[in-house]
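A.B. asks: Sending over a structure as structure tokens; questions will come in a sec.
2 protein chains.
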Amino acid sequence: MNYFSSDFKLGILGGGQLGKMLLTETRKFDIQTYVLDPSDEAPCKIGSNKFFKGSLMDFDTVYNFGKQVDVLTFEIELVNIEALEKLESEGIKVYPSPKTLRLIQNKGTQKDFYTTNNIPTAAYKRFENVTALKTAVANNEIALPFVWKSTEGGYDGNGVKVIRNSDSFNGLPDVQCIAETMIPFKNELAVIVTRTPSGEIKTYPVVEMEFHPEANQVEYVICPARIDDAVAENARAIALKVSEHFNHVGLLAVEMFQTEDDRILVNEVAPRPHNSGHYSIEASYTSQFEQHLRAILDLPLGNTDSKVAGIMVNLVGEEGYSGNVIYENIEKILGQDGVTPHIYGKKETRPFRKMGHVTIVNQDIAEARRVAQEVKSTIRVISQ
Amino acid sequence: MNYFSSDFKLGILGGGQLGKMLLTETRKFDIQTYVLDPSDEAPCKIGSNKFFKGSLMDFDTVYNFGKQVDVLTFEIELVNIEALEKLESEGIKVYPSPKTLRLIQNKGTQKDFYTTNNIPTAAYKRFENVTALKTAVANNEIALPFVWKSTEGGYDGNGVKVIRNSDSFNGLPDVQCIAETMIPFKNELAVIVTRTPSGEIKTYPVVEMEFHPEANQVEYVICPARIDDAVAENARAIALKVSEHFNHVGLLAVEMFQTEDDRILVNEVAPRPHNSGHYSIEASYTSQFEQHLRAILDLPLGNTDSKVAGIMVNLVGEEGYSGNVIYENIEKILGQDGVTPHIYGKKETRPFRKMGHVTIVNQDIAEARRVAQEVKSTIRVISQ
């Protein structure tokens, strides 16, 4: 198959920042792209060969879009799976497959999948709705505290809540859910695995999410994770096992906990380029976006090693600011060695909206960590 | 000035591969771009915010284009300078300035400039036309052999010829020219210098052009150059001096000869991103394209050090093939560690047309060099 400067067409469902960073790679290789997104101001409107405005959840819209391309991928899981299934049955290559997506989209079936395949994960119970869960708690079938998770539609911390007492149930939607044992953990880790249709598999190094000591919020994604080699090897081996069992194609980001006693438990997976892999653009021999592209086109996978240590800081809209965005002090952080801001191209900021990220690279991880802290305390995402 | 996700507009004259790689950086920073190019199939048609088809040599076209932007730059020197001068006089920031461009565009004034400023360069004489040059040769005022260079319009080896005897004059256009002493040199080197309007200056490491042992053609651009530290330091110091005297803004690629006795002579300069800096996309902390953008926007310059050794191989159309391009064996080179092809997006190949380049990076420069040779002997740019 000739992908480069040819009539071949790659379709991408979703035109947000993940799609935008994927387009950097399709442009580099001159591979034609069609993108579908509901917003006329999607970051992928520029850089794609053809942009289509339309709903990702509407069967006909997704189906008609998919019929025009040779390979179809997505940068967001919330898409019409039935349309993907029909497209796949009609010979369009859909990567990751709708079957994988179905397994992953529902956190209940995802957890069952880990259990069935002997992949370590926190203990859990599934419930048809919150009413049934409350009954189980009242009958002492579930011990407090525990973690409530909506099985569908959760995103970026939405659909997850720690239940400490009966008051914690207030405001929860009465949807299908799971109750998961709370795990006291040392570290939250992630490993990105890539797999091609031919079965070539590679893992990226383990990254570590460093949390703010008070606010329970990820502040830095750090590669390599500052953990023992044995723990890192185990985490990569488990991620590889997850990938093999899913039989997926493309990127799979595997989020994990390192427990107090150094066990690795799989938390959840995302079948696409992932926030925890953004550092790879500057730090790795092959960025996660190029790797995803190589995978879904069944090209050889690139080297996943790092050239240098990398740390990523998310740029989110500051509280109290809405409207046309200003990146205050961005010129100050550009004055630091090894600092690269990525601006996603959203004109309007809102509190906590993901507006961009900054990567800090250095030969010395401690120096990168120092600069990352300075970056974080300097740049502000505010409005005019 | 707020450049990021704002109404600020950067204009780029020329929409070829250099512009295309610059657009990767403007997209990363979400800086709006307008691009002007005569071809409707220019690589920059995708990735720019607005694309204009039109002549770069036509006064009105360039002037009217420039009036719509805040800062104007170019990826090719063959543009209408009078229009740039008028735009600059009307307050549009033009970087590099038309004054610098005028000095550089004519190889005669460029050579005079080096002489005036005590910058080492090969001895030369200027002639109004080839007829006058022939007379000088007949009168033994110029010794054979020497290098003939057309003062204007030369590009990629056009407008340059070694004159060994009177037959060598055959076919030369009767234009303004220089006759330059032939320099027996060990190495052809280049240094990229970047300067901001505020006067911040940084040089990249010295790169080396490795020639094919028989055909007199550059095969590899290698960073760092495999030369003595003292020679490298001298080359960077001379490049810095050239930049300071030109007072230019943006990138300046300074091409130099290392003579048999280790002197450095400046050959010529290009006031824009340059083929000799393509390695920087994968190998450097800051790519030459990001650096050019930082410079013309008067942002702090990035770190010019390399993370790893980098080697670049040009992908040019193979002799005997014209038409819709095929990159034969590209999947094979993708299977090698640290190999990144850049495909410029020209649908049709022609003999010697620049269609792309491949960067090879590695911690070990000897290993990079080995892989580069394998890449060069594997990939072929042919037609369907």
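Protein chains in written order, with numbering that gives the first Met the number 0: chain A, 0 to 383; chain B, 0 to 383. For every residue, glycine included, the Cβ atom is placed at its ideal position computed from N, Cα and C.
#1: Give, in chain order, every unbroken run of the beta strand (DSSP E) that is at least 3 residues long and sits entirely within the stretch 27-73 of chain A.
#2: For the candidate residues R101(B), S286(B) and F64(B), whose alpha-carbon lies nearest to that of E76(B)?
#3: Just to confirm, is the Cβ distance from G13(A) to F73(A) under 7 Å?
#4: Would DSSP call Q257(B) helix, strand or coil?
#5: What separation, rounded to the nearest whole angstrom, lies between the Cα atoms of Y203(B) and S4(B)?
#6: Expressed to the nearest angstrom, what Euclidean distance is found between the alpha-carbon atoms of G90(A) and E199(A)?
#7: Report yes if the CB atom of H291(B) is closer than 7 Å to the CB atom of G344(B), and no otherwise.
#8: Assign K161(B) to buried or exposed, taking buried as 16 or more other Cβ atoms, counted over all protein chains shown, within 10 Å of its Cβ.
#9: For the beta strand (DSSP E) holding A308(B), just list the boundary residues, first then last.
#10: Please confirm whether F28(B) has its beta-carbon closer than 7 Å to some beta-carbon of chain A.
#11: Should S4(A) be flagged as near chain B, meaning a C-beta pair shorter than 7 Å?
#12: Hey, does H356(B) have any beta-carbon neighbour from chain A nearer than 7 Å?
#13: Over the uninterrupted alpha helix (DSSP H) stretch that includes V192(B), give me the two end residues.
#14: List the endpoints of the continuous alpha helix (DSSP H) containing K375(B).
#15: Please confirm if K240(A) has its CB atom under 7 Å from at least one CB of chain B.
#16: For the candidate residues V205(B), D227(B), E232(B) and R235(B), whose alpha-carbon lies nearest to that of I221(B)?
#17: Output needed for A121(A): all residues of its chain with C-beta closer than 7 Å, excluding positions within five of it in sequence on either side, in chain order.
#18: By the criterion of Cβ-Cβ separation under 8 Å, what are the contact partners of R194(B) in chain A?
#19: Using a threshold of 7 Å, state whether the C-beta atoms of K148(B) and L300(B) are closer than that.
#20: V190(B) and A238(B) look like a contact to me (Cβ under 8 Å); what is the Cβ gap, rounded to whole Å?
#21: Is it buried or exposed, T339(A), if we count other Cβ atoms within 10 angstroms and call 16 or more buried?
#22: For the stretch 303-332 of chain A, list every residue whose C-beta sits within 7 Å of some C-beta in chain B, in sequence order.
#23: Could you compute how far the alpha carbon of F50(A) sits from the alpha carbon of P37(A)?
#24: Which two residues bound the contiguous beta strand (DSSP E) that contains V360(A)?
#25: Following the continuous beta strand (DSSP E) through A340(A), name the residue where it begins and the one where it ends.
#26: Does D29(B) pass the burial test, meaning 16 or more other C-beta atoms within 10 Å, or should it be called exposed?
#27: What residues of chain B sit near V360(A), judged by a beta carbon separation below 8 Å?
#28: Verify the CB distance criterion: does G152(A) have a CB-CB separation below 7 Å to chain B?
#29: So is D69(A) in contact with chain B if we call contact Cβ pairs under 7 Å?
#30: Please list the partners that D260(A) has in chain B, where partner means a Cβ-to-Cβ separation under 9 Å.
#31: Spatial neighbours of M56(B) within its chain, please: CB distance less than 8 Å, with the 5 preceding and 5 following residues excluded, ordered by chain position.
#32: Considering only the beta carbon of each residue, do T134(B) and K106(B) sit closer than 7 Å?
#33: I want to see whether chain A comes within less than 7 Å of K346(B), judged by CB atoms only; does it?
#34: Indicate whether at least one CB of chain B lies closer than 7 Å to the CB of P299(A).
#35: Taking 7 Å as the CB-CB cut-off, is D173(A) touching chain B?
#36: Check whether the Cβ of N274(B) lies closer than 7 Å to any Cβ atom in chain A.
C.D. replies: Taking the structure as given:
#1: 31-36, 49-52 and 70-73
#2: R101(B)
#3: yes
#4: strand
#5: 29 Å
#6: 22 Å
#7: no
#8: Reading off the sequence, residue 161(B) comes out as Val, not Lys. By the 10 Å Cβ count, V161(B) comes out exposed.
#9: A308 to V315
#10: yes
#11: yes
#12: no
#13: No alpha helix (DSSP H) contains V192(B), which is instead part of the beta strand (DSSP E) from F184 to R194.
#14: I364 to T377
#15: no
#16: V205(B)
#17: E179, T180, I182 and L264
#18: In chain order: nothing, as chain A lies at least about 16 Å away.
#19: no
#20: 4 Å
#21: buried
#22: K306, V307, V324, I325, Y326, I329 and E330
#23: 10 Å
#24: K353 to N361
#25: Ala is not the amino acid found at residue 340(A); the sequence shown has Pro there. Segment V338 to I342, the beta strand (DSSP E) holding P340(A).
#26: buried
#27: Y284 and K306
#28: no
#29: no
#30: The premise fails here: D260(A) is roughly 36 Å from chain B at the closest Cβ pair, so nothing lies under 9 Å.
#31: L77, V78 and N79
#32: no
#33: yes
#34: yes
#35: no
#36: no
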